[in-house]
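Written out below as structure tokens is the structure these notes cover.
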């Protein structure tokens, strides 16, 4: 679940998840019931990558490799098929705060002192360092030759990947309360950057100069209190076949035309866990742990799974025509994409994930908050 933050002179993280406001009345996790397993799940490999519980850490898949970082300053490159470590760099006395971006020559990562580092992949030394206006819990995003960073003060900044020169910076005022943001940027090729924003907004920007191509409302804040008006887009927007979809905490799931930003459809649903799409359907995990499927063309609700409510369920990932989610006790659940039936289950860890599972087609990458990285496949 996402933590909440108070936006004052600087962003302060509050302990707990989005449901902690329920106090003693918080809903208890739904007990797991026996299912008829129609499809097995298997762990192909598993590696301990160190402490990833204190930031926005997520694995990066690139060219057959998986690149990961941990808060103690360690960066590793692993073979995606075997889990074998190819390269490892330990940045002494450097706290890292989130996942990485990478190209052939460098790895880019944010640090606990509010800096952005470019690490040379040939020797593990810093190519350049740039100061940020705040720390970045979200991994940088590489769009062509521009590296974009989203910092906790709500600012987006673009840097030249070659020398770290700042190219542009845009900011917007933040509400008094915001949801802790660790994954709200997506690249659309080299043409556009999608950015989820506090207040329920979604922006498409031109990566070269930061110009806003369009700015739309996924959901509008509503309610009598500051808490009720928290409506932030804090999971990655998804782009596919000319359509962009996003979800907002205490808001809606909505899909837009990618070129114009015109709304195609929207449905009421509070979600901060992430989305997945295939050719026909959009899948979303609600903040209460229910999993939903919508028709991509019309927004019609196709099915809803309530068996995992209040189990701290991750965002969805696609695997072999099924949908995979992981709950807070480390159980991976396989859901039939067509009708929403639970068709498989496997214990893959002991805790919740640090980020949405990463689909690699017929396998899925999982990163737990205890530092365990695993590749899961259909058995």
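Numbering (UniProt numbering), first residue to last: 1 to 379.
Cβ atoms here follow ideal geometry from the backbone N, Cα and C, with glycine treated the same way.
Exposed unless 16 or more other CB atoms sit within 10 angstroms - verdict on residue i
{"i": "residue 42", "result": "exposed"}
{"i": "residue 156", "result": "buried"}
{"i": "residue 24", "result": "Any reading at residue 24 needs caution, since the residue's pLDDT is 40, under 50, leaving its predicted position unreliable; the model's value is listed next. Under this definition residue 24 is an exposed residue."}
{"i": "residue 308", "result": "buried"}
{"i": "residue 185", "result": "buried"}
{"i": "residue 356", "result": "buried"}
{"i": "residue 113", "result": "exposed"}
{"i": "residue 28", "result": "exposed"}
{"i": "residue 79", "result": "exposed"}
{"i": "residue 266", "result": "buried"}
{"i": "residue 138", "result": "buried"}
{"i": "residue 86", "result": "exposed"}
Own chain, CB closer than 6 Å to residue i, minus 5 neighbours either side, in chain order
{"i": "residue 161", "result": "145 and 147"}
{"i": "residue 151", "result": "132, 133, 134 and 136"}
{"i": "residue 168", "result": "158, 209 and 210"}
{"i": "residue 214", "result": "204 and 261"}
{"i": "residue 364", "result": "317, 319, 324, 357 and 376"}
Supposed contact pair residue j and residue i - C-beta distance, whole angstroms, cut 8 Å
{"i": "residue 270", "j": "residue 286", "result": "6 Å"}
Nonlocal neighbours in the same chain, by C-beta distance under 7 Å from residue i, ignoring five residues either side
{"i": "residue 302", "result": "281, 293, 294 and 295"}
{"i": "residue 372", "result": "46, 48 and 349"}
{"i": "residue 310", "result": "27, 28, 29, 30, 288 and 289"}
C-beta neighbour in chain C for residue i, strict 7 Å
{"i": "residue 242", "result": "This model lacks chain C altogether; it includes just one protein chain."}
CB contact flag (residue i, residue j, <7 Å)
{"i": "residue 313", "j": "residue 261", "result": "no"}
{"i": "residue 247", "j": "residue 275", "result": "yes"}
{"i": "residue 344", "j": "residue 353", "result": "no"}
{"i": "residue 330", "j": "residue 348", "result": "yes"}
{"i": "residue 73", "j": "residue 91", "result": "yes"}
{"i": "residue 181", "j": "residue 230", "result": "no"}
{"i": "residue 46", "j": "residue 374", "result": "yes"}
{"i": "residue 164", "j": "residue 130", "result": "yes"}
{"i": "residue 94", "j": "residue 111", "result": "yes"}
{"i": "residue 272", "j": "residue 179", "result": "yes"}
{"i": "residue 58", "j": "residue 99", "result": "yes"}
Start-to-end residues for the beta strand (DSSP E) that takes in residue i
{"i": "residue 66", "result": "65-69"}
{"i": "residue 186", "result": "185-188"}
{"i": "residue 85", "result": "85-90"}
{"i": "residue 146", "result": "146-150"}
{"i": "residue 363", "result": "363-367"}
{"i": "residue 346", "result": "342-347"}
{"i": "residue 272", "result": "Neither: residue 272 is in no beta strand (DSSP E) and is coded neither H nor E."}
{"i": "residue 198", "result": "From DSSP, residue 198 is part of no beta strand (DSSP E); its letter is neither H nor E."}
{"i": "residue 158", "result": "156-160"}
beta-carbon residue i near the ligand GDP non-hydrogen atom, thresh 6 Å
{"i": "residue 112", "result": "The ligand GDP is not part of the structure shown, which contains no ligands of any sort."}
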